[in-house]
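Residue numbers (this note's numbering): 6 to 112.
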């Protein structure tokens, strides 16, 4: 069995003044979540208990990783180890794919 999503950006819409999320895949090893952030919206600093990957699909955001602020845009790809403090602040309407690597979770 496989999962095919023809165009991830078409699976979610940016909503004015909001952050929207949609799980597009989940199994014992991986959780894939699309997120759409309107300009000015922010995911405040937090950590994840497992390694994660952020793939920016469109837009522009400031991504804070362990205290470093990085301006990223569509096409950017970020890997974060478990427990790394991070935050996302949308400069423009932004769509990103978050991959949570559940099978790599520290025990």
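Beta carbons: idealized from backbone N, C-alpha and C, even for Gly.
Collapsed DSSP secondary structure at residue i in the structure displayed
i, result
"residue 47", "strand"
"residue 90", "coil"
"residue 14", "helix"
"residue 78", "strand"
"residue 23", "coil"
"residue 54", "coil"
From the options, residue whose alpha carbon lies closest to that of residue i
i, options, result
"residue 37", "84, 57, 87", "57"
"residue 72", "104, 85, 105, 107", "85"
"residue 66", "26, 45, 8", "45"
Pairwise C-alpha distance: residue j and residue i
i, j, result
"residue 54", "residue 21", "30 Å"
Terminal residues of the beta strand (DSSP E) in which residue i lies
i, result
"residue 38", "35 to 42"
* Asked: Would you call the stretch 14 to 23 and the stretch 38 to 53 in contact, with 3 or more CB pairs under 8 Å?
  -> yes
* Check whether the stretch 68 to 86 touches the stretch 22 to 34, counting contact only when three or more Cβ pairs, one atom from each stretch, lie closer than 8 Å. => no
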